[in-house]
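Residue numbers (our numbering): 55 to 654.
Ideal placement from N, C-alpha and C gives every residue a C-beta, glycine not left out.
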């Protein structure tokens with residue numbers, strides 16, 4: 055696989071070093087052992103792994119999806135080889151603290167590394183994504199013994215991890231779960247219940263699988279306040295301390311998905327009596343932290359996973375864009391509308407304005423989304439390394455309000471990019487002879503992964519913009535207006551035009567937010583929250599694009615010209631979409647709220 059068709063090394067270089075200035079992080083204590091050289095080595099290593107180990111089996115793992123024979127889950131061997139190479143390279147713990155065996159690589163750089171892996175093979179990358187998040191949660195909230203026993207083996211790939219939240223009857227309504235955890239005299243718990251949609255829930259790619267399971271201890275408060283978190287390994291230790299005892303966790307079956315087919319998706323059952331570890335029924339589990347605080351602990355993983363899903367969506371959109379661009383440059387068809395000689399040679403389709411429109415739209419979506427994901431990574435680094443408490447608090451607050459956007463905006467608009475990539479390919483695009491149809495199917499899962507657009511919009515409008523008397527929204531809008539001011543002073547007339555447009559859109563976002571919450575009716579305020587999420591996302595991406603455009607001022611070459619063209623497209627084609635959205639929200643429209651389901 056040509057790495058130039060997976061991800062743009064030049065764009066990553068621009069975003070990391072010219073815009074986000076990650077090299078400056080090496081002046082901070084946490085990252086003092088690193089340098090531009092170690093960052094580049096990590097990026098080149100990820101590029102190499104993506105090209106040699108992940109991309110070559112992307113089609114095979116889609117066509118030969120995992121198979122469950124009633125006892126074992128079978129996965130093609132190339133998946134295990136790629137994950138072994140990934141773990142051997144130290145990338146599972148690359149961004150983790152040195153004290154737990156990590157490299158303390160800046161999260162921004164690690165995010166860029168993962169962009170390569172997701173773009174090359176998102177399904178195989180899924181096992182790594184879950185394991186990294188699982189390890190981070192245990193490192194943050196687990197006991198020293200739990201870290202030693204369950205987390206450290208993840209760093210070298212001996213253990214893989216999952217997150218087991220959803221249940222067949224409850225879906226995303228985690229507070230309605232019924233899986234129970236009964237305390238034992240030895241301090242462990244026995245779990246009984248069923249889960250659904252658990253990615254990576256069973257396989258033989260590692261020596262053990264560490265499930266992070268939400269369950270309810272009998273007598274706990276109702277709803278989400280009574281949910282606890284447990285570590286439930288697939289294998290338990292025998293008398294010699296070796297993990298050879300099968301825990302009481304089995305599969306009812308596996309789910310067959312539209313995309314991400316290589317990531318096995320399971321319906322596990324805990325405590326059905328298929329195995330009786332240590333002579334008693336029930337899956338043995340170990341409580342993480344305190345009882346009834348499981349959902350707050352799990353949000354550590356869920357928030358990380360939300361940004362990870364946004365990155366995966368971005369990467370899929372990005373590789374689809376690169377492949378459609380390559381196709382358009384090499385596919386001769388038709389002649390310019392001004393050509394009078396029908397015997398003249400055909401031109402590459404990239405010469406046709408409508409094809410250029412589709413390519414430029416893709417570029418605006420995927421490069422903007424990648425910048426947003428890396429910006430979120432930079433906020434994580436600020437939390438970890440800033441010496442000033444106010445700076446750490448500011449970064450954490452901005453990250454909270456950007457997380458639902460960083461998850462949902464790429465999931466919607468990088469999927470749109472995949473749709474355009476198919477269109478650029480024409481009839482070839484909807485055949486399996488080209489990768490773009492698979493990228494579309496893979497990306498279609500991401501608007502649902504880790505919470506739908508509706509769930510993210512309720513989080514954004516119902517929690518983040520109103521928390522602490524609107525603190526997060528104020529900080530975000532202050533950042534937007536600073537960028538606009540910089541563009542007016544340091545840019546040309548066009549950037550000043552864009553700065554004014556951004557300021558107007560930011561003003562409308564603030565005013566609409568106030569209008570929605572002016573009444574005392576939360577149901578009315580939140581009825582059209584998905585529209586609010588989309589409008590806010592477009593304002594944020596317009597800000598991100600102006601940030602990039604400011605960096606290109608005075609710089610020459612096709613790369614910088616392309617950044618300026620994408621900024622121009624976003625401001626003239628995309629940002630104006632927000633006007634009708636804000637109009638609808640301001641009107642207090644109740645069409646969906648007052649709709650009787652019988653009318654559907």
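| message | Quick check on residue 160: does DSSP put it in helix, strand or coil? | response | coil
| So, are the CB atoms of residue 263 and residue 324 less than 9 Å apart? | Taking a C-beta distance under 9 Å as the contact criterion, residue 263 and residue 324 do not qualify as a contact pair.
| Hey, how far is the Cα of residue 73 from the Cα of residue 344? | 42 Å
| said: Within the continuous alpha helix (DSSP H) that includes residue 263, where are the two ends? | reply: Element bounds for residue 263: not the alpha helix (DSSP H) but the beta strand (DSSP E), 262 to 269.
| 8 Å contact criterion, which residue 169 and residue 61 should meet: CB distance rounded | 6 Å
| message | On the DSSP bridge list, what partners appear for residue 610? | response | Beta-bridge pairing links residue 610 to no other residue.
| If we count Cβ pairs, one from each stretch, closer than 8 Å, do we get three or more for the segment 322 to 336 versus the segment 379 to 387? | no
| If you compare alpha carbons, which of 595, 653 and 604 is closest to residue 630? | Nearest C-alpha to residue 630 among 595, 653 and 604: 595.
| request: Indicate whether the contact test is met: 3 or more Cβ pairs, each with one atom in the segment 172 to 186 and one in the segment 242 to 252, closer than 8 Å. | output: no
| Mind pulling the beta strand (DSSP E) runs of 3 or more residues that sit fully within the segment 306 to 388? | 319 to 324 and 337 to 341
| field | Meets three-Cβ-pair contact criterion under 8 Å: the segment 136 to 156 and the segment 177 to 191 | value | Contact between the segment 136 to 156 and the segment 177 to 191 is present, with at least three C-beta pairs closer than 8 Å.
| field | Backbone secondary structure at residue 228 - three-state DSSP | value | helix
| Alpha carbon to alpha carbon, what distance is there between residue 273 and residue 368? | Roughly 43 Å separates the two Cα atoms.
| said: Going by DSSP, what residue range makes up the alpha helix (DSSP H) through residue 117? | reply: 112 to 117
| field | Where residue 208 sits in the DSSP three-state scheme | value | helix
| residue 209 and residue 147 look like a contact to me (Cβ under 8 Å); what is the Cβ gap, rounded to whole Å? | 4 Å
| query | Taking Cβ positions, are residue 302 and residue 267 nearer each other than 9 Å? | reply | Judged by beta-carbon spacing, residue 267 lies beyond the 9 Å limit of residue 302, meaning their Cβ atoms are not closer than that value.
| query | In chain order, what residues of the same chain have a beta carbon less than 6 Å from the beta carbon of residue 513, not counting five sequence neighbours either side? | reply | 458
| Coarse secondary structure for residue 481, derived from DSSP in three states | Of the three classes helix, strand and coil, the one that applies to residue 481 here is helix, per DSSP.
| task | Locate the beta strand (DSSP E) running through residue 213, then write down its first and last residues. | result | 213 to 218
| request: Kindly indicate which three-state DSSP category residue 100 falls into: helix, strand or coil? | output: helix
| message | Using CA atoms only, rank isn't needed, just tell me which of 572, 319, 516 and 544 is closest to residue 609. | response | 544
| task | May I ask you to report which of helix, strand or coil DSSP gives residue 148? | result | coil
| Which residues DSSP lists as bridging residue 503, in chain order | DSSP, once it has assigned bridges, lists no residue as partnering residue 503.
| request: Tell me whether residue 403 sits in a helix, a strand or coil according to DSSP, three-state version. | output: helix
| Own chain residues within Cβ distance below 7 Å of residue 529, not counting five before or after | 448, 451 and 452
| Excluding five sequence neighbours on each side, which residues of the same chain lie with their C-beta closer than 7 Å to the C-beta of residue 559? | 593, 596, 629 and 632
| query | By DSSP, does residue 519 sit in helix, in strand, or in coil? | reply | coil
| field | Residues near residue 538 by beta carbon distance below 6 Å, same chain, minus five either side | value | Hits under 6 Å: 553, 556 and 557.
| said: Could you check whether the segment 461 to 469 touches the segment 356 to 365, counting it as contact only if at least three pairs of C-beta atoms, one from each stretch, sit closer than 8 Å? | reply: Yes, the segment 461 to 469 touches the segment 356 to 365.
| Is residue 60 helix, strand or coil by DSSP? | Here residue 60 sits in coil by DSSP.
| Buried versus exposed call for residue 89 [16 or more other C-beta atoms within 10 Å across all chains shown] | Residue 89 counts as exposed, since fewer than 16 other C-beta atoms from the protein chains shown sit within 10 angstroms of its C-beta.
| query | Do residue 342 and residue 285 have their C-beta atoms closer together than 9 Å? | reply | yes
| task | State the Cα-Cα distance for the pair residue 196 and residue 414, rounded to the nearest angstrom. | result | 47 Å
| DSSP bridge partner residues for residue 291 (one or two, in chain order) | 297
| query | How many Å lie between residue 397 and residue 624 at the Cα? | reply | 38 Å
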